[in-house]
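A.B. asks:
2 protein chains.
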Amino acid sequence: MATIKDVAKLAKVSISTVSLALNGSERVSADTLKRIQDAANSVGYSPNPLAQGLKAGRSRMIGMVLADLANPFYSQMLKQVENLLIDHQYLVVVASSRGNAKRERAILETLASQRVSGIILSSHITSPEDVAYLKSLKIPMVLVDHKVDGFAADFVGCDNRMASAMLTERLIREGHTRIAHLAGVEGLWTAEERNQGFRATMAAFGLEVDESLILHGDYDGDIGYKQAMRMLVRPDKPTAVVAANNVMALGALQAMRDLGIKCPEEVSLTAIDDAPWSKVIEPKMTMVVQDVNEIAEMATRFLIDRTTPAGADIPPREHILVPQFVLGQSIASPVKAASFQDSAP
Amino acid sequence: MATIKDVAKLAKVSISTVSLALNGSERVSADTLKRIQDAANSVGYSPNPLAQGLKAGRSRMIGMVLADLANPFYSQMLKQVENLLIDHQYLVVVASSRGNAKRERAILETLASQRVSGIILSSHITSPEDVAYLKSLKIPMVLVDHKVDGFAADFVGCDNRMASAMLTERLIREGHTRIAHLAGVEGLWTAEERNQGFRATMAAFGLEVDESLILHGDYDGDIGYKQAMRMLVRPDKPTAVVAANNVMALGALQAMRDLGIKCPEEVSLTAIDDAPWSKVIEPKMTMVVQDVNEIAEMATRFLIDRTTPAGADIPPREHILVPQFVLGQSIASPVKAASFQDSAP
DNA sequence: TTGTATGCGTTATCAA
DNA sequence: TTGATAACGCATACAA
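Chains A and B are the protein sequences, given in the same order.
So that you can map any letter, position 182 of the first sequence is 182 in the numbering used here, and since no number is skipped, the others follow by simple counting.
So that you can map any letter, position 100 of the second sequence is 100 in the numbering used here, and since no number is skipped, the others follow by simple counting.
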């Protein structure tokens with residue numbers, strides 16, 4: 001690979017002049033500039049990012065740390081973020097924390113040592129030590145989806161309390177009283193918020209929450225299946241379920257299929273987050289969706305702003321999306337369920 | 001961030017000794033080794049990868065270039081690859097070519113300038129110049145999913161001809177003669193292979209291929225919807241469809257839904273590639289699937305082998321997966337279709 | 001307007 | 001067994 005020396009030699013100038021010229025300095029004569037450009041082209045010169053990074057103390061890379069790269073919500077976010085960042089000459093280093101705080105921290109340390117220009121992070125960190133570590137990082141950072149208590153950083157995500165509240169209220173107005181919540185990981189911000197939204201709405205309608213109907217998962221399909229199975233085989237099964245995310249809802253639907261339980265006739269199902277396959281699953285899911293592209297765009301914008309010289313002075317910003325309700329065919333009134341059971345053999 | 005100098009100062013040795021010691025050289029006394037390790041720990045030293053990369057001429061990063069980061073097939077592959085590479089201390093730089101050869105080449109140039117240790121590439125390159133460029137790259141590379149004609153490199157993917165042949169044969173044996181093919185991008189290797197498999201099987205059974213029933217798409221859902229719509233509104237619509245990938249099949253299914261066409265009663269649908277939602281879509285898709293994790297594992301192994309000192313001498317290897325047939329409810333015999341239409345008002 | 005020299009943090013060569 | 005020094009490729013302060 002051609003280096004700056006090759007260009008300098010060919011253009012018969014010093015390497016500093018080449019550097020100056022190629023970085024658009026004013027103080028280079030039009031004549032030599034042309035010579036240098038020609039030389040650079042003819043040897044196919046492009047600066048070594050490693051050398052630039054070493055010199056500058058940071059590289060033109062952005063780290064993206066997510067819990068599950070195969071989750072459609074995150075993979076769409078990644079797609080969009082990469083798409084936007086590439087236009088700003090940033091490369092995206094992606095790493096999966098697997099929802100594990102220890103691993104997440106290890107990744108962050110690696111990214112920090114790589115001198116990435118910024119990090120987009122969907123954090124699963126909760127312990128005070130880890131939060132302190134986050135604070136100690138002097139790298140532009142934007143949190144997406146999950147907020148971290150005690151860490152004031154840019155954040156882009158939806159109003160999670162509202163999201164589960166919307167679904168819960170709808171189910172209650174549909175006549176349900178015995179509603180289960182397929183929740184996310186305990187302690188995780190989004191999970192807690194969604195849980196709170198569920199509880200608050202139940203309380204607002206004077207309904208008691210059966211704690212045994214709140215089962216936690218890791219936002220993955222397998223656990224969604226298992227936890228749903230657990231609640232569905234009970235004689236006092238719920239008449240409706242609020243799933244904390246799309247993939248767990250899918251697992252729950254699968255469980256109903258396997259048990260032969262009709263959705264929505266016997267059990268209504270609702271979920272937070274859209275998925276590419278939502279339109280063709282049967283029944284169509286009733287859900288509240290976040291505009292993942294909007295999240296990606298705002299996160300990218302926040303991050304790029306922070307990488308500017310004045311970026312460090314920007315006070316933490318937040319962009320909270322209002323989730324959108326999408327009515328499907330996965331909910332029905334429990335009256336129907338009762339009559340369905342009556343008519344069963 | 002602490003540098004090697006800090007460690008040297010604290011341990012009261014020269015930086016070269018520190019480097020020697022920390023890189024596990026034999027010729028460092030146990031005593032000084034201990035001192036150096038303690039010093040390194042106490043200042044929290046970790047070597048600067050940028051400096052290491054500059055010195056070594058390559059960085060501990062692997063580039064992964066895919067057409068669509070949101071396609072579940074690719075996102076699952078990415079997940080698995082990242083998962084395996086992180087254990088080998090490699091970071092994954094991911095970039096989307098969007099199926100565009102020009103962009104793909106630009107990305108490859110960027111990755112090359114970054115001195116990545118290797119590249120996993122799902123290539124959409126076809127032109128001789130671009131192929132020549134691929135050949136000129138002196139970076140360990142493994143092709144996945146798509147082969148590149150004229151470029152002998154490691155390859156991991158499935159037998160695409162066989163994949164579409166399996167579906168086509170099944171449909172023919174079911175009684176179909178008027179079969180459409182929702183194909184991939186013309187000129188693209190997998191697309192051509194799948195197309196060939198379809199044609200060869202049709203020919204083997206003495207069936208003529210209606211060229212107007214071979215419509216090409218870019219493996220994306222939108223185009224799948226549009227192209228399917230195009231063939232489904234025809235009075236002489238096909239009785240069965242072989243979709244070249246999962247996402248396009250999804251689009252086709254959506255089109256049937258919108259038109260009120262029953263699947264499989266009126267039109268049978270089959271697809272190549274699994275998807276996380278395949279079990280809960282209605283009807284369950286009949287498909288041939290590739291084990292994407294196996295692809296990821298083999299690709300990673302091939303690549304890591306190539307990054308070893310002896311790696312360059314390994315002759316190009318291939319790992320061709322035999323696709324697996326998965327019977328769903330999305331196919332029926334055209335007899336049924338006829339009777340269905342007869343019974344229609 | 002251009003050139004010289006230094007340093008970014010490592011590794012490696014050669015001396016000591 | 002350890003240390004001084006060069007080199008990787010670039011950007012920049014300072015000289016000319």
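No residue lacks a Cβ here, since even glycine has one placed at the ideal position from N, Cα and C.
Could you give the residue range of the alpha helix (DSSP H) that holds ILE125(B)?
C.D. replies: Residue 125(B) sits at position 125 when you count from the first residue of the second sequence. That residue, ILE125(B), is in no alpha helix (DSSP H); it is neither H nor E in DSSP.
A.B. asks: With DSSP collapsed to three states, give me the class of VAL185(A).
C.D. replies: Numbered from its first residue, the first sequence carries residue 185(A) at position 185. The answer is coil: DSSP assigns VAL185(A) none of H, G, I, E or B.
A.B. asks: Run through DSSP, which three-state label would ILE4(B) get?
C.D. replies: The count along the second sequence starts at 1 and reaches residue 4(B) at position 4. Reduced to three states, the DSSP call for ILE4(B) is helix.
A.B. asks: Compare the C-beta of ALA332(A) against all C-beta atoms of chain B and say whether one is closer than 8 Å.
C.D. replies: By one-based count along the first sequence, residue 332(A) stands at place 332. It does not; no Cβ of chain B falls within 8 Å.
A.B. asks: How would you label PRO49(A), buried or exposed, when you count the other beta carbons within 10 angstroms and need 16 or more for buried?
C.D. replies: Walking along the first sequence from the start, residue 49(A) turns up at place 49. So PRO49(A) counts as buried.
A.B. asks: Tell me the rounded alpha-carbon separation between ASN245(A) and ALA275(A).
C.D. replies: Counting from one through the first sequence, the residue named residue 245(A) turns up at place 245. Counting from one through the first sequence, the residue named residue 275(A) turns up at place 275. Each residue's alpha carbon lies about 10 Å from the other.
A.B. asks: Within 8 Å of any Cβ in chain A, is that where the Cβ of PRO276(B) sits?
C.D. replies: Within the second sequence, residue 276(B) is the residue found at index 276, counting from 1. True, the Cβ-Cβ gap to chain A drops below 8 Å.
A.B. asks: 8 Å is my cut-off, CB to CB: does PRO72(B) come that close to chain A?
C.D. replies: Mapped onto the second sequence, residue 72(B) falls at position 72. Taking Cβ atoms only, chain A reaches closer than 8 Å to PRO72(B), which makes this a yes.
A.B. asks: If we count the other Cβ atoms within 10 Å of its Cβ and call it buried at 16 or more, is MET1(A) buried or exposed?
C.D. replies: Within the first sequence, residue 1(A) is the residue found at index 1, counting from 1. With fewer than 16 other Cβ atoms within 10 Å, it is exposed.
A.B. asks: Whose C-beta lies closer than 6 Å to the C-beta of ARG98(A) among residues of the same chain, with five residues either side of it excluded?
C.D. replies: Counting from 1 along the first sequence, the entry for residue 98(A) is found at position 98. Result list for ARG98(A): empty, nothing under 6 Å.
A.B. asks: Closest to THR286(B) by C-alpha separation, out of SER212(B), ALA299(B), LEU303(B) and SER268(B), would be which residue?
C.D. replies: Working through the second sequence from its first residue, we reach residue 286(B) at position 286. That would be SER268(B), whose Cα lies nearest to the Cα of THR286(B).
A.B. asks: Taking only beta-carbon positions, decide if ASN83(A) is within less than 8 Å of chain B.
C.D. replies: As a position in the first sequence, residue 83(A) is number 83, starting the count at 1. By this cut-off, ASN83(A) is an interface position.
A.B. asks: Who are the near neighbours of ALA165(A) in its chain, counting only those whose CB is closer than 6 Å to its CB and skipping five residues on each side?
C.D. replies: Reading the first sequence from its first residue, position 165 is the one you call residue 165(A). Within the same chain, ALA165(A) has close Cβ partners GLY197 and THR201.
A.B. asks: Beta-carbon separation of SER96(B) and ASN71(A) under 8 Å?
C.D. replies: Translated into positions along the second sequence, residue 96(B) becomes position 96. Translated into positions along the first sequence, residue 71(A) becomes position 71. In this structure, ASN71(A) does not lie closer than 8 Å to SER96(B) by Cβ.
A.B. asks: Just the chain B side, please: which residues come within less than 9 Å of VAL92(A) by C-beta, in chain order?
C.D. replies: Counting from 1 along the first sequence, the entry for residue 92(A) is found at position 92. Correct list: VAL93, VAL94 and ALA95.
A.B. asks: Quick check: VAL292(A) and PRO323(A), are their CB atoms within less than 8 Å of each other?
C.D. replies: As a first step, residue 292(A) must be located in the first sequence, where it is residue number 292. As a first step, residue 323(A) must be located in the first sequence, where it is residue number 323. No.
A.B. asks: Helix or strand or just coil, what does DSSP make of THR270(A)?
C.D. replies: The residue labelled residue 270(A) in the question sits at position 270 within the first sequence. Reduced to three states, the DSSP call for THR270(A) is strand.
A.B. asks: Which chain B residues sit within Cβ distance under 9 Å of GLN37(A)?
C.D. replies: By 1-based counting over the first sequence, the position of residue 37(A) is 37. Those within 9 Å of GLN37(A) in chain B number zero; the least Cβ separation is about 18 Å.
A.B. asks: What does the Cβ neighbour count give for PHE205(A), buried or exposed, with the cut at 16 atoms within 10 Å?
C.D. replies: Here the question's residue 205(A) lines up with position 205 in the first sequence. Classification of PHE205(A): exposed, given that the 10 Å Cβ count is below 16.
A.B. asks: Does ALA11(B) pass the burial test, meaning 16 or more other C-beta atoms within 10 Å, or should it be called exposed?
C.D. replies: Your numbering for residue 11(B) matches position 11 in the second sequence. With 16 or more other Cβ atoms within 10 Å, it is buried.
A.B. asks: What in chain B is Cβ-close to LEU69(A), meaning under 7 Å?
C.D. replies: Residue 69(A) sits at position 69 when you count from the first residue of the first sequence. In chain order: SER75, LEU78, LYS79 and GLU82.
A.B. asks: Going by CA-CA distance only, name the one from ILE223(A), ALA271(A) and LEU78(A) that's closest to LEU171(A).
C.D. replies: Here residue 171(A) refers to the residue found at position 171 of the first sequence. Residue ALA271(A) is the option with its Cα nearest to LEU171(A).
A.B. asks: Considering only their Cβ atoms, is the gap separating ASP145(B) from THR190(B) smaller than 8 Å?
C.D. replies: Indexing the second sequence from 1 puts residue 190(B) at position 190. Indexing the second sequence from 1 puts residue 145(B) at position 145. It is a contact, given that the beta carbons lie within the stated cut-off.
A.B. asks: Can you tell me which of PHE151(B), GLN290(B), ILE320(B) and SER46(B) puts its alpha carbon nearest to the alpha carbon of ALA106(A)?
C.D. replies: Here residue 106(A) corresponds to residue number 106 of the first sequence, with the count starting at 1. Of PHE151(B), GLN290(B), ILE320(B) and SER46(B), the residue nearest in Cα terms is SER46(B).
A.B. asks: Could you tell me whether any Cβ in chain B is nearer than 8 Å to the Cβ of SER14(A)?
C.D. replies: Position 14 of the first sequence, counting from 1, holds the residue named residue 14(A). No, SER14(A) lies away from the interface with chain B (no Cβ there is under 8 Å from its Cβ).
A.B. asks: Report all residues from its chain with a CB closer than 7 Å to the CB of SER330(B); omit the five preceding and five following residues, and keep chain order.
C.D. replies: Here residue 330(B) refers to the residue found at position 330 when the second sequence is read from its first residue. Hits under 7 Å: CYS263, PRO264, SER268, LEU269, THR270, PRO283, LYS284, MET285 and THR286.
A.B. asks: What residue ranges within the region 160-208 of chain B form continuous beta strand (DSSP E) runs of no fewer than 3 residues, ordered along the chain?
C.D. replies: Counting only runs of 3 or more, we get 179-183.
A.B. asks: For PRO140(B), would you say it is in contact with chain A, using Cβ-to-Cβ distances shorter than 8 Å as the test?
C.D. replies: Position 140 of the second sequence, counting from 1, holds the residue named residue 140(B). It does not; no Cβ of chain A falls within 8 Å.
A.B. asks: Starting from the beta carbon of GLN196(A), find every residue of chain B whose beta carbon is closer than 7 Å, and list them in chain order.
C.D. replies: Against the first sequence, residue 196(A) aligns to sequence position 196. Residues of chain B passing the Cβ test: none, with the nearest at roughly 29 Å.
A.B. asks: Taking buried to mean at least 16 other C-beta atoms within 10 Å of its own C-beta, is HIS124(B) buried or exposed?
C.D. replies: Taking the second sequence and counting its residues from 1, the one referred to as residue 124(B) is at position 124. When all chains shown are included, HIS124(B) counts as buried.
A.B. asks: For VAL18(B), count the other beta carbons within 10 Å of its own beta carbon; 16 or more makes it buried, fewer makes it exposed. Which is it?
C.D. replies: Position 18 of the second sequence holds residue 18(B). Buried: at least 16 other Cβ atoms inside 10 Å.
A.B. asks: Starting from THR154(A), trace the alpha helix (DSSP H) both ways and give me its first and last residue.
C.D. replies: As a working mapping, residue 154(A) is identified with position 154 in the first sequence. It is Asp, not Thr, that sits at residue 154(A) in the sequence shown. No alpha helix (DSSP H) holds ASP154(A); the beta strand (DSSP E) holding it covers 154-158.
A.B. asks: Identify the contact partners of ASN371(A) in chain B, using a Cβ-Cβ distance below 8 Å as the criterion.
C.D. replies: In the structure displayed, chain A extends from 1 to 345; residue 371(A) sits before or after that span and is not available.
A.B. asks: Which bits of chain B does ALA424(A) rub up against, with CB to CB less than 7 Å?
C.D. replies: Any property of residue 424(A) remains undetermined from this structure, which presents chain A solely from 1 to 345.
A.B. asks: For PHE325(B), write down the residues that DSSP places opposite it in a beta bridge.
C.D. replies: The residue given as residue 325(B) occupies position 325 in the second sequence. Answer is VAL288(B).
A.B. asks: Indicate the three-state DSSP secondary structure (helix, strand or coil) for GLU265(B) in the structure shown.
C.D. replies: Sequence index remark: in the second sequence, residue 265(B) carries index 265 (1-based). Three-state DSSP puts GLU265(B) in coil, outside helix and strand.
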